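Here's the structure, in C-alpha cells; my notes come after.
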Amino acid sequence: MRLNLPEEIVKEKVLAVQEYSLLAGEAVGNLFRRPRYVSDILMQADFIGVGSLPIVVLTGLSIGAVLALQTSTTLQQFGSVSLTGQLVSFSMIKEIGPVLTSLMLAGRAATGMASELGSMKVTEQIDAMRALGTDPVKKLITPRVVSTVVMLFFLSILSDLMGLVGGYIVAVSRLGLTTSQYWTSTYQQLQFPDVFQGLCKPFFFGFIIATVGCYYGFSTKGGTQGVGRSTTQAMVAASVLILIVDFFITQLLIGIFGR
Amino acid sequence: MTDAALTNGHPAASEVVLEFKDVELGFDQHLVLRGVSFRLHRGETKVLFGVAGSGKSVLLKLALGLLRPDAGTITVLGQEISSMPEQDLFELRRKIGMVFQESALFDSMTVEENVAFRLTEEHVPAEQIRERVTEALRFVELEHTLEKFPAQLSGGMRRRVAIARAIITQPEIILYDSPTGGLDPITSTTIVELIIKQRDVYQTSALMVTHRLQDGFTMATHCFDKRKGQMVPVKESGTNTNTSFLILRDGKVIFDGTGHELAASTDEYIKEYIS
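First to last, the sequence lines map onto chains P and U.
Every letter in the first sequence is one number past the one before it in this note's numbering, and letter 166, counting from 1, is 166.
Count along the second sequence from 1, then add 1000; that gives the number in this note's numbering.
Encoded structure:
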C-alpha cells in the first residue's frame, strides 16, 4: 500500500472542504430555484422527525433525570435543593437539549443519508438521475437539508420538555420537592437569551447533520466497503463539527446577550 | 482524422447528432482517451468495440456530459457540451436516453416508478404516465412487472426495464453501455432484438458499447420485421446500412467504418480482434 505524502494529505483535505462548501452552497441555492420537491421534503421530515421521536423522548427524559440527581447532591451541601429545577432547565434548554438531540440525530440521520446516497452513488443511480435530466442535489440533498433543519428545531424543543419532565420525576420522587416548587424554579430565572440560545442552535446543527451526511454519501467510492467508510466518517465528522460549532455559537451569543 | 473519414461514407447532407473532435481525457495522469474523433448521424447505430479499459464507457459518459473532456470538443444535437453549465446539460439530457452497464435502476422505486421517472419530473398527468409506462414496458415485453421492485427481477429483466426507462420519452439519441454484459446468450439476443427494434421502428440514433462481437454483427446483419414482430436477417446487401462500427485501442480510434469495411480490414489487431 502506497503512503500519501503530507502535502497530498493536506491537498485532499482542502479539496474536501472546498467540495463540501460548494455542495452545501448549492443545496441552499436550490431553495430559490424550481422545481421544489415538496413531497420529498415531507417524506424526509417523516423519516427524520417522526422516526426520531422515540430516541429523542427517551434520551431527553433520562438526561433530565440524571441532571436532577447529579445537581441535587451538590445543591444539598448548600441547602438549596429547591433550585434543582432551575439548574435542570438552564442546562437542558441552553445546551444539553439541542446538542444531545443533534448528536442523536447525527447518529441516526447523517449515517442514514451517507449510506443511502453512498449506495446510490456506487450503483450509478446518482449518474442515472443526472442522465435522466434531474439535478440530484436538488432532488436528494435540498429536501434532506430542509427537513433536518426544521425537524431538529422541533425535536430539540421536545427534548428540552422531556428533560424537564425527567427532572421533575426525580425531584418529586427522590428529592422531596413539590410540583409547584420544581416548575416555578424551572421557568423563574429563564430569560429570553437563554431560550433564544437553545432555539437557534438546532438550525446550525441540522444544517451540519444533513450537509455532512449528504456530502459523504455523494463522495462515496469503492463499493460496499466505501459505503461503510462514508457512513462512519459522516457520523464522526458531523458530531465533531456540532461540538465545535456549539462552542463558537455559545461564545457569540454570550458576547451579544451577556449571559 | 480527415473529414471524409469522419463522415464514414454517409452523405454530407445527413444530419450529425453527435460529434467528438480530438477528445482527450485522463485520470490520475493516465490518458484514457487520446484524440478521439468520430461522428454519429441521425438514425445511425454505432457499435463500439474495445478491450476492457479502452475507454468505451468513459466515452458514453462524455457524450452525456457526465464527464468533461480535458481537450477537444463534443457536440450533441448541435450544441457544444464540453463547457456547458450543468443546469443546461440537464435540459439537453432529456433528449438522450442512457442504458447503464448494471441498469442503475432506482432500487427503492417500483418498475413503474422507475420507468415513469422522467415523466413524473416533467409533471405529466398521472393517467398519461400510466399509459406511456405500460406502452414502454410492452415494448420490452415486461408490462406485467409494474408493481415489482428491481431486486425482484432477473438481470435480463432489469436491463429491459432500463431500456424502457431510456425510451419512454422517445429520445433522439440512446447510449447503451454493455446492455448484454453478464447475461446468458438467449437473454442477450432478446436485448439485441429490442435495440434493433428501437433502431428500425423509431429510427433512433444510438451508440452501443459491447464486448460481444456477435451482438454487433447481429445488429449489422438483422433488421426488425414489423409484420412478423421479430428480427430477421437483412436480405439484399447482407448488412444494415444504418449500423457502423468503431474500435478503440488504448484510448485511440483505430477503426471507424461499416461492417463490410471491418470484415475487409487488413489491420493485424482488428483481424485478431474479430476472429
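Idealized CB from N, CA, C, for every residue including glycine.
What you are looking at is a predicted structure, and each value in this text was computed from that prediction instead of being measured.
- Remark: C-beta atoms of G163/P and I96/P approach each other more closely than 8 Å.
- Here the alpha carbon of L42/P sits roughly 36 Å from the alpha carbon of I1173/U.
- Not flagged as an interface residue toward chain P: F1149/U, since no C-beta distance is shorter than 8 Å.
- Annotated as proximal: L1175/U and M1098/U, with beta-carbon spacing under 8 Å.
- Counting other Cβ atoms within 10 Å of its Cβ, E1019/U reaches 16 or more and is therefore classed as buried.
- As the crow flies, the alpha-carbon of D127/P is around 26 Å from that of G1043/U.
- At a beta-carbon threshold of 7 Å, the residues of chain P lying near R1094/U are G133, ordered along the chain.
- CA-to-CA, the gap between L253/P and S156/P works out to about 18 Å.
- The criterion of a C-beta distance shorter than 8 Å is not satisfied by M120/P and G49/P.
- For A128/P, the nearest beta carbon of chain U is closer than 8 Å to its own beta carbon.
- For Y37/P, there is no enclosing alpha helix (DSSP H), as DSSP marks it with neither H nor E.
- Listed in chain order, the positions of the region 148-169 of chain P with a beta carbon within less than 9 Å of a beta carbon of chain U would be empty, since no residue qualifies.
- Take the alpha-carbon of G1065/U and the one of T1180/U: they are about 23 Å apart.
- Between the region 1216-1230 of chain U and the region 1065-1078 of chain U, the count of C-beta pairs closer than 8 Å stays below three; the two stretches do not touch.
- For V99/P and A238/P, the gap between their C-alpha atoms comes out near 12 Å.
- Counted as a single uninterrupted DSSP element, the beta strand (DSSP E) harbouring M1208/U occupies residues S1205 to V1209.
- Within the same chain, L1018 come within 6 Å of V1076/U by CB-CB distance, once the 5 residues on both sides are set aside.
- K1197/U and M1231/U have their C-alpha atoms roughly 7 Å apart.
- Counting along the chain, D1256/U sits inside the beta strand (DSSP E) bounded by residues K1252 to T1258.
- Its Cα nearest to that of K1061/U, the residue D1177/U stands out among D1177/U, T1189/U, S1037/U and R1199/U.
- Remark: C-beta atoms of T142/P and E1121/U do not approach each other more closely than 8 Å.
- Counting only runs of 4+ residues, the alpha helix (DSSP H) found wholly inside the region 36-84 of chain P occupies 38-48 and 53-77, in chain order.
- Assignment of T1189/U by DSSP, reduced to helix, strand and coil, places it in the helix class.
- Ranking T73/P, F192/P, T232/P and A68/P by CA distance to the CA of Y168/P puts A68/P first.
- The Cβ neighbour count for K1021/U, taken over all protein chains shown within 10 Å, is at least 16; the residue is labelled buried.
- Contact of L1146/U with chain P is not assigned, every C-beta pair being separated by 8 Å or more.
- At the C-beta level, T1073/U and T1243/U stay beyond 8 Å of one another.
- L61/P and F153/P have their C-alpha atoms roughly 18 Å apart.
- Between S185/P and Q251/P, the gap from beta carbon to beta carbon reaches 8 Å or more.
- Residues of chain U with a Cβ closer than 8 Å to the Cβ of Q125/P are, in chain order, A1104, L1105, F1106 and D1107.
- Taking a Cβ-Cβ threshold of 9 Å, the residues of chain P close to L1066/U are D127, R130 and A131, in chain order.
- Between the alpha carbons of T1187/U and I1167/U lies a gap of roughly 19 Å.
- Straight-line spacing of the CA atoms in H1211/U and G29/P works out to 43 Å.
- Partner residues in a beta bridge of M104/P, as assigned by DSSP, do not exist.
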